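Accompanying notes for the structure given below.
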Amino acid sequence: MTPVLRGESPSVEHVAGIPFPDADLFSFAALLPSAERARLARLHDYLQAEIRPAVVGPWNREEFPAHLLPGLAAHGLGELELSGASRLYRGLAYTEVARADVSLSALVGIHNELILGLIDALGSAEQKARWLPELRCFRALGAFALTEPEHGSDIAGGLATTAVRDGGEWVLTGTKRWIGAGTIADVAIVWARDAADGQVKGFLVETDRPGWSATKIEHKIGLRIMQNADIVLDEVRVPAANALPGAGSFASANEMLRNSRAWVGWQGAGVQLAIFDVARAYALERRQFGRPLAAFQLVQEPLARILGNATASLGLMAQLARLQEDGTFDMPHAALAKATTTSLARQSAALGRSLLGGNGVVTDHEMAKLFNDVEILYTYEGTYEINALIVGRAVTGVSAFV
Numbered sequence: 308m309t310p311v312l313r314g315e316s317p318s319v320e321h322v323a324g325i326p327f328p329d330a331d332l333f334s335f336a337a338l339l340p341s342a343e344r345a346r347l348a349r350l351h352d353y354l355q356a357e358i359r360p361a362v363v364g365p366w367n368r369e370e371f372p373a374h375l376l377p378g379l380a381a382h383g384l385g386e387l388e389l390s391g392a393s394r395l396y397r398g399l400a401y402t403e404v405a406r407a408d409v410s411l412s413a414l415v416g417i418h419n420e421l422i423l424g425l426i427d428a429l430g431s432a433e434q435k436a437r438w439l440p441e442l443r444c445f446r447a448l449g450a451f452a453l454t455e456p457e458h459g460s461d462i463a464g465g466l467a468t469t470a471v472r473d474g475g476e477w478v479l480t481g482t483k484r485w486i487g488a489g490t491i492a493d494v495a496i497v498w499a500r501d502a503a504d505g506q507v508k509g510f511l512v513e514t515d516r517p518g519w520s521a522t523k524i525e526h527k528i529g530l531r532i533m534q535n536a537d538i539v540l541d542e543v544r545v546p547a548a549n550a551l552p553g554a555g556s557f558a559s560a561n562e563m564l565r566n567s568r569a570w571v572g573w574q575g576a577g578v579q580l581a582i583f584d585v586a587r588a589y590a591l592e593r594r595q596f597g598r599p600l601a602a603f604q605l606v607q608e609p610l611a612r613i614l615g616n617a618t619a620s621l622g623l624m625a626q627l628a629r630l631q632e633d634g635t636f637d638m639p640h641a642a643l644a645k646a647t648t649t650s651l652a653r654q655s656a657a658l659g660r661s662l663l664g665g666n667g668v669v670t671d672h673e674m675a676k677l678f679n680d681v682e683i684l685y686t687y688e689g690t691y692e693i694n695a696l697i698v699g700r701a702v703t704g705v706s707a708f709v
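With this note's numbering, the residue at position 169 of the sequence shown is 476, and numbering never jumps.
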């Protein structure tokens with residue numbers, strides 16, 4: 308059989324004769340209504356055929372492949388949060404993007420959960436009219452500027468960027484770090500502390516305004532396509548109308564972060580499907596001692612563990628989607644989901660890298676790329692430890708935060 312190597316996408320021929328060719332062994336996609344199921348299948352085929360082969364080179368070079376955006380938009384990925392699709396479909400769509408490339412899944416998720424969805428939920432009529440049509444088709448990109456160089460996990464209380472009202476304008480001053488798409492965004496949602504009342508508020512900042520500068524963070528080990536940036540706001544002036552009317556305190560940001568953590572849980576599931584895809588294809592192709600690797604017990608066992616981790620992650624996330632639909636979803640659910648699927652992804656990535664031996668450390672065979680991307684998933688949108696403390700507080704009633 309032909310391996311899934313060097314960016315090649317899997318086809319029916321690669322898995323012909325295998326009783327369970329789909330890594331979704333428990334058929335979570337079958338829970339979707341027929342129209343969404345067909346839509347997801349089309350999305351999967353497109354992402355595997357067109358996106359997955361195109362991203363290894365840009366990943367190696369730390370480049371953003373902007374030419375892929377029109378295709379992603381044509382398949383509805385620029386407007387998932389406004390599509391009216393079920394929560395389960397949206398989650399499985401995020402999974403499929405992560406299965407093709409984790410960096411682009413980060414862009415799609417941030418774009419939908421923290422930019423498009425936030426402006427739709429918290430923006431004024433004028434802000435929606437200005438930005439939503441452009442964002443929905445990826446003609447414009449946004450950035451979510453919350454984290455700061457000295458404030459990550461403690462951002463709620465420590466945020467230092469300031470907003471000062473000066474007549475009909477706001478003046479924003481401060482620094483931000485790890486801002487996804489920061490160097491390529493057309494607009495940023497900047498969170499700053501109002502000097503007058505101490506509240507953390509959200510502002511739309513066009514990135515061509517005087518005083519705005521963005522510097523790419525280089526030499527990352529993972530999510531190398533995502534253009535993370537250090538941002539400096541040097542007395543950036545925006546009209547008063549650029550303040551998001553629904554983002555007058557950090558509580559509104561926290562709600563968005565809850566939703567974003569859930570999306571990262573889907574990423575954790577999707578990257579494990581990719582790990583399984585690559586590992587199984589390699590095990591069937593690679594021969595040692597005159598036999599395919601797949602014929603050895605010490606290869607089949609880690610394949611089963613990777614698939615078990617991925618399936619457990621999908622099951623957890625499918626239940627989370629139900630909670631979102633019925634309105635009972637809360638931060639502890641998001642925290643447990645994000646912590647669990649990314650922790651399992653870390654285990655799966657280690658198993659997959661080991662299974663490929665020496666070929667597991669070069670991106671030609673994809674596994675090294677996945678291995679490194681998982682490390683970023685494990686850390687961003689709240690570290691494992693912070694999410695564990697959120698869950699611990701919820702199940703004990705006692706806070707262990709400092």
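Note that CB positions come from ideal geometry on N, CA and C, so glycine has one too. Quantities reported herein were computed from a predicted structural model and do not represent experimental measurements.
Can you tell me whether residue i is buried or exposed? The criterion is at least 16 other CB atoms within 10 Å of its CB, across all chains shown.
| i | result |
| --- | --- |
| V571 | buried |
| A590 | buried |
| V585 | buried |
| H672 | buried |
| R446 | exposed |
| F451 | buried |
| D461 | exposed |
| Q604 | exposed |
| V668 | exposed |
| D504 | exposed |
Roughly how many angstroms separate the alpha carbons of residue i and residue j, rounded to a whole number?
| i | j | result |
| --- | --- | --- |
| P326 | A337 | 17 Å |
| S559 | V539 | 23 Å |
| Q607 | I613 | 10 Å |
| G622 | V545 | 45 Å |
| I491 | Y353 | 25 Å |
| D501 | A470 | 5 Å |
| G314 | A602 | In this predicted model, G314 has a pLDDT of only 37, less than 50, meaning its place in the structure is not dependable; the value taken from the coordinates is given anyway. Their backbone Cα atoms lie some 25 Å apart in a straight line. |
| Q574 | G474 | 44 Å |
| G416 | A675 | 23 Å |
| F596 | L658 | 21 Å |
| G459 | V709 | 14 Å |
| S520 | Y691 | 31 Å |
| P599 | R531 | 33 Å |
| R397 | L387 | 6 Å |
| S650 | A656 | 10 Å |
| R594 | F557 | 56 Å |
From this set, the options, which residue's C-alpha is nearest residue i's C-alpha?
| i | options | result |
| --- | --- | --- |
| I528 | G364, H351 and E682 | E682 |
| W366 | L423, T670, V709 and G689 | T670 |
| G555 | F510, I524 and D584 | F510 |
| L411 | S706, G518, R653 and E369 | E369 |
| E513 | G665, D408, R594 and V494 | V494 |
| G518 | E441, Q534, T703 and T482 | T482 |
| R568 | A361, G665, Q631 and A707 | Q631 |
| N566 | R443, D331, H374 and A644 | A644 |
| E562 | W485, V709, G575 and E688 | E688 |
| A428 | G699, G634, M638 and P552 | P552 |
| H382 | A548, Q626, V404 and T648 | V404 |
| V362 | S341, G430 and L376 | L376 |
Got a sec: does the ligand NAD put a non-hydrogen atom nearer than 7 Å to the Cβ of residue i?
| i | result |
| --- | --- |
| H374 | What this structure holds is no ligand at all, so the ligand NAD is not there to describe. |
Are the CB atoms of residue i and residue j nearer to each other than 8 Å?
| i | j | result |
| --- | --- | --- |
| A432 | L347 | no |
| D541 | T522 | no |
| H418 | G449 | yes |
| S620 | Q654 | no |
| W498 | L564 | no |
| N694 | A617 | no |
| E457 | S393 | no |
| N535 | G489 | yes |
| I426 | L414 | no |
| E455 | R484 | yes |
| L395 | A628 | yes |
| C444 | G391 | no |
| L677 | A588 | no |
| L684 | V409 | yes |
Consult DSSP for residue i and reduce its assignment to one of helix, strand or coil.
| i | result |
| --- | --- |
| F445 | coil |
| S390 | coil |
| V409 | helix |
| V705 | coil |
| K435 | helix |
| Q710 | Because the chain here runs from 308 to 709, residue 710 falls outside it and cannot be looked at. |
| G699 | helix |
| L643 | helix |
| T482 | strand |
| S620 | helix |
| E315 | Confidence in E315 is poor, its pLDDT being 43 and thus under 50, which makes the residue's placement too unreliable to answer from. |
| R531 | coil |
| D671 | helix |
| S334 | coil |
| S655 | helix |
| T686 | helix |
| Q355 | helix |
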